[in-house]
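Colleague: Structure provided below as structure tokens; questions to follow.
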Amino acid sequence: IDNDPNRAPPCDPSVCVLPDCFCSEDGTTIPGNLPAKDVPMMITVTFDDAINNNNIDLYKEMFNGRRKNPNGCEIKATFFVSHKYTNYSAVQETHRKGHEIAVHSITHNDDERFWSNATVDDWAKEMAGMRIIIEKYANITDNSVVGVRAPYLRVGGNNQFTMMEEQAFLYDSTITAPLSNPPLWPYTMYFRMPHRCHGNLQSCPTRSHAVWEMVMNELDRREDPGNDEYLPGCAMVDSCSNILTGDQFYNFLNHNFDRHYEQNRAPLGLYFHAAWLKNNPEFLDAFLYWIDETLANHNDVYFVTMTQVIQWIQNPRSINELKSFEPWREKCTVEGTPACWVPHTCKLTSKEVPGETINLQTCVRCPNNYPWINDPTGDGFF
Numbered sequence: 048i049d050n051d052p053n054r055a056p057p058c059d060p061s062v063c064v065l066p067d068c069f070c071s072e073d074g075t076t077i078p079g080n081l082p083a084k085d086v087p088m089m090i091t092v093t094f095d096d097a098i099n100n101n102n103i104d105l106y107k108e109m110f111n112g113r114r115k116n117p118n119g120c121e122i123k124a125t126f127f128v129s130h131k132y133t134n135y136s137a138v139q140e141t142h143r144k145g146h147e148i149a150v151h152s153i154t155h156n157d158d159e160r161f162w163s164n165a166t167v168d169d170w171a172k173e174m175a176g177m178r179i180i181i182e183k184y185a186n187i188t189d190n191s192v193v194g195v196r197a198p199y200l201r202v203g204g205n206n207q208f209t210m211m212e213e214q215a216f217l218y219d220s221t222i223t224a225p226l227s228n229p230p231l232w233p234y235t236m237y238f239r240m241p242h243r244c245h246g247n248l249q250s251c252p253t254r255s256h257a258v259w260e261m262v263m264n265e266l267d268r269r270e271d272p273g274n275d276e277y278l279p280g281c282a283m284v285d286s287c288s289n290i291l292t293g294d295q296f297y298n299f300l301n302h303n304f305d306r307h308y309e310q311n312r313a314p315l316g317l318y319f320h321a322a323w324l325k326n327n328p329e330f331l332d333a334f335l336y337w338i339d340e341t342l343a344n345h346n347d348v349y350f351v352t353m354t355q356v357i358q359w360i361q362n363p364r365s366i367n368e369l370k371s372f373e374p375w376r377e378k379c380t381v382e383g384t385p386a387c388w389v390p391h392t393c394k395l396t397s398k399e400v401p402g403e404t405i406n407l408q409t410c411v412r413c414p415n416n417y418p419w420i421n422d423p424t425g426d427g428f429f
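What follows is the structure, encoded as structure tokens:
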């Protein structure tokens, strides 16, 4: 960042004021300068990649309608959805239930360098294109698809954030902050990031962008945090490679919860790929036990979506005002039935994915072609 003559200036709290701007010099300051004891402990659970029959049952078990925040509303999560193999009728139902749907690209291009070097146009095709697909095939019409996470957490530098501004995305959640105590609050990108650009060969934005960063605080994976030697943190839970048993996972969750709860109550992000929980039933059991225990023992812990965190930061309310905080009451408990019990299974091809026939499941009618990067609607005009 220091080499960019047009770099964003350091945080200036006199200019950067809520609701549209939030920053602090080291990133740890509580919004609205509330005392920590009055701040709700927000937990953001996210899942990356396709939503389909491999993981729908897992999500149904986790979000079974019985796990409720202190305001009486069902706990919520955020899903960063990539295109291939996604069942859009399931995305539609996940959204109907009040969870947040965000974008994780169309192609999930396996070449990590692609994301580091992609042009503004590449980013727009991948991310704004994915939003077009989601809105059309999951029939999401409320403009709620506002978040981005890049595949492999490969930040796309200024190009990614320029695209997000141009395409009116609200937030990114790709940038990792190195393990720190206290952890960091989300911030806006108008001013310089309050931490170093963390990760191998990462290309972080250096300029000023009108975008929120739902920064990924690394988690502390040490077994005995009081005594253990230094271990680098991990951003995705499933990359914390030393978690081998349910008990270890339970202790890991408690330790990281305490790190946030007992310091500045920065939101605790628990970022997953569904397969990690699905393939390790004892991790899933430990996680559900921990969620239930945490909700039972605290009247100040809320499992909320990324957008709900931003809504709180923009309008910080103390714990005792939250029962009536409208943004957290939206789709509080959802009754009713799915948009369609039996989705259309469209067997489709695309010139862009030669030789493959791919199933697209959706409640809306089938397109002519499999939607892809140059033809996100699937209408075949390119």
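Under the numbering used here, the letters of the sequence shown match residues 48 to 429, in that order. We put the CB at the ideal spot given by N, CA and C, even for glycine. These numbers come from a predicted model, not from an experiment.
How many angstroms separate the CA atom of Met89 from the CA atom of Ala313?
Modeller: The residue labelled residue 89 in the question sits at position 42 within the sequence shown. The residue labelled residue 313 in the question sits at position 266 within the sequence shown. When rounded, the distance between both Cα atoms is 8 Å.
Colleague: Going residue by residue through the segment 111–177, where are the continuous alpha helix (DSSP H) segments of at least 4 residues, counting only ones entirely within it?
Modeller: List check, alpha helix (DSSP H) in window: 135–143, 159–164 and 167–170.
Colleague: Skipping 5 residues on each side, what residues in its chain have a beta carbon closer than 6 Å to that of Phe404?
Modeller: As a position in the sequence shown, residue 404 is number 357, starting the count at 1. At residue 404 the sequence reads Thr, which differs from the Phe that was named. Within the same chain, Thr404 has close Cβ partners Lys394 and Thr396.
Colleague: Pick from Trp419, Phe319 and Thr424: whose alpha carbon is nearest that of Asp169?
Modeller: Residue numbering aside, residue 169 sits at position 122 when the sequence shown is read from its first letter. Of the listed residues, the one whose Cα sits closest to Asp169 is Trp419.
Colleague: Please report the Cβ distance between Pro225 and His242, rounded to the nearest whole angstrom; I am assuming they are in contact, meaning their Cβ atoms lie under 8 Å.
Modeller: On the sequence shown, residue 225 is found 178 positions in, with the first residue counted as 1. On the sequence shown, residue 242 is found 195 positions in, with the first residue counted as 1. Yes, Pro225 and His242 are in contact; Cβ-Cβ is about 6 Å, under 8 Å.
Colleague: Quick check on Ser220: buried or exposed, where buried means 16 or more other Cβ atoms within 10 Å of its Cβ?
Modeller: If you number the sequence shown from 1, residue 220 lands on position 173. By the neighbour-count rule (16 or more Cβ atoms within 10 Å), Ser220 is buried.
Colleague: Taking the Cβ atom as the reference point for each residue, do Gly176 and Ile153 lie within a distance shorter than 8 Å?
Modeller: Reading the sequence shown from its first residue, position 129 is the one you call residue 176. Reading the sequence shown from its first residue, position 106 is the one you call residue 153. Yes. Within cutoff.
Colleague: When the Cα of Ala215 is compared with those of Lys107, Arg113, Val258 and Lys378, which residue comes out closest?
Modeller: To locate residue 215, count along the sequence shown from 1; it is residue 168. Of Lys107, Arg113, Val258 and Lys378, the residue nearest in Cα terms is Val258.
Colleague: Where Arg178 and Arg254 are concerned, what is the direct C-alpha to C-alpha distance, given to the nearest angstrom?
Modeller: To locate residue 178, count along the sequence shown from 1; it is residue 131. To locate residue 254, count along the sequence shown from 1; it is residue 207. Those two C-alpha atoms are separated by around 25 Å.
Colleague: Taking the CB atoms as reference points, tell me whether Ser227 and Arg201 lie closer together than 8 Å.
Modeller: The residue you call residue 227 lines up with position 180 of the sequence shown. The residue you call residue 201 lines up with position 154 of the sequence shown. Not a contact, by the Cβ cut-off of 8 Å.
Colleague: Would the beta-carbon of Thr209 fall within 8 Å of that of Val167?
Modeller: To locate residue 209, count along the sequence shown from 1; it is residue 162. To locate residue 167, count along the sequence shown from 1; it is residue 120. Yes, these two residues count as a Cβ contact at 8 Å.
Colleague: Tell me which residue opens and which closes the beta strand (DSSP E) that Gly316 is part of.
Modeller: For the purposes of this step, residue 316 is identified with residue 269 of the sequence shown, where counting begins at 1. Gly316 -> beta strand (DSSP E) spans Leu315 to His320.
Colleague: Tell me, which residues are paired with Met88 by DSSP?
Modeller: Taking the sequence shown and counting its residues from 1, one reaches residue 88 at position 41. DSSP output for Met88 lists Val348 as bridge partner(s).
Colleague: Helix, strand or coil for Gln355 per DSSP?
Modeller: Numbered from its first residue, the sequence shown carries residue 355 at position 308. Note: Gln355 maps to helix in three-state DSSP.
Colleague: Whole angstroms is fine: what's the gap from Met283's alpha carbon to Asp73's?
Modeller: Residue numbering aside, residue 283 sits at position 236 when the sequence shown is read from its first letter. Residue numbering aside, residue 73 sits at position 26 when the sequence shown is read from its first letter. Near 23 Å, if we compare the C-alpha coordinates of Asp73 and Met283.
Colleague: Which first and last residues belong to the beta strand (DSSP E) in which Lys107 is found?
Modeller: Looking up residue 107 in the sequence shown gives position 60. Run containing Lys107: none in the beta strand (DSSP E); it sits in the alpha helix (DSSP H), Ile103 to Met109.
Colleague: Use the C-beta contact count for Ile344: other C-beta atoms within 10 angstroms, 16 or more gives buried, fewer gives exposed.
Modeller: Position 297 of the sequence shown holds residue 344. What sits at residue 344 in the sequence shown is Asn, not Ile. Its Cβ having fewer than 16 others within 10 Å, Asn344 is exposed.
Colleague: Compute the Euclidean distance between the alpha carbons of Gly425 and Tyr184, then round it to the nearest angstrom.
Modeller: Translated into the one-based positions of the sequence shown, residue 425 becomes position 378. Translated into the one-based positions of the sequence shown, residue 184 becomes position 137. Their backbone Cα atoms lie some 10 Å apart in a straight line.
Colleague: In or out: Val195 buried (at least 16 other Cβ within 10 Å) or exposed?
Modeller: Here the question's residue 195 lines up with position 148 in the sequence shown. With 16 or more other Cβ atoms within 10 Å, it is buried.
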